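For the sequence shown, this note's numbering gives the first residue as 1, with consecutive numbering after it. Beta carbons: idealized from backbone N, C-alpha and C, even for Gly. All of these numbers come straight from a predicted model, not from anything done at the bench. Read through the structure below, which is laid out as structure tokens, and then see the notes.
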Amino acid sequence: MPIQAHRDFAVLNEPEPDGVAIEQLFTAVEAHAHRKAQSLERYQQLAERSEDPVTTVVVRLIVGNEENQRRLLDQLSLTLRDQFKWTQSPDDLPNGAPPTGPIDPDLIEISRGLIREEHVSADQLRALADRERGLNGGLDGLLLEAVAMSNDIHAQMLRFVQRRLERRNVRTIERISQPPTGNAREVPVKGL
1 MPIQAHRDFA VLNEPEPDGV AIEQLFTAVE AHAHRKAQSL ERYQQLAERS
51 EDPVTTVVVR LIVGNEENQR RLLDQLSLTL RDQFKWTQSP DDLPNGAPPT
101 GPIDPDLIEI SRGLIREEHV SADQLRALAD RERGLNGGLD GLLLEAVAMS
151 NDIHAQMLRF VQRRLERRNV RTIERISQPP TGNAREVPVK GL
């Protein structure tokens, strides 16, 4: 598979057989995690040596986010490595195949409600940020905008959860509505 270099990270251009694609994704994720680790050291220096409490607060917020991303990338990298080596580690991400069986339909509505709340919250925070841009040297507006962006990310993640719940619900309804067929047993299909 051709790989295109793009500003210090690999971009996969076209699909390959699973093993090759997984190994290349693993390599790209590993490299990205390594660069994040190096960046963390520079962030720490910036926070410690700036002698500016506002800079320290902002950089420490970034460091906390970077550390969370690094842990996630490490876990993703471990999972990808295990996939192409046919092994399994206790710290792997869970298998992406949704569980089978009935689902509480209220969960879909709960996810929809949470998505709406995240959007409303993000909009309100952005309005506050716009109104308060000049306060406290711009720090308040920046922090409000950062939280709004986090709300956007939460909404995106919740849409993923909602789609999984909806697909699982459809499969459950289809299974229930199908008449039994002799001795055939249902086998869940991975990846749906």
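What are the uninterrupted segments assigned as beta strand (DSSP E) that are 3 or more residues long and contained completely in the region 85 to 146, given in chain order? none
Expressed to the nearest angstrom, what Euclidean distance is found between the alpha-carbon atoms of S50 and E41? 14 Å
Going along the chain, which residues of its own chain have a beta-carbon closer than 8 Å to the beta-carbon of E118, five neighbours each way excluded? N151, D152, H154, A155, L158
Under a Cβ-count criterion, where at least 16 other Cβ atoms within 10 Å of its own Cβ denotes burial, should T87 be classed as buried or exposed? exposed
What would DSSP say about D82, mapped onto helix, strand or coil? helix
Check whether the region 102 to 113 touches the region 124 to 144, counting contact only when three or more Cβ pairs, one atom from each stretch, lie closer than 8 Å. no
For M149, is the beta carbon positioned less than 6 Å from some heavy atom of the ligand COA? As far as ligands go, the structure on display features none, and thus does not contain the ligand COA.
So, at 6 Å on beta carbons, what are the nonlocal neighbours of E23 in its own chain, with the 5 sequence-adjacent residues on each side left out? F84
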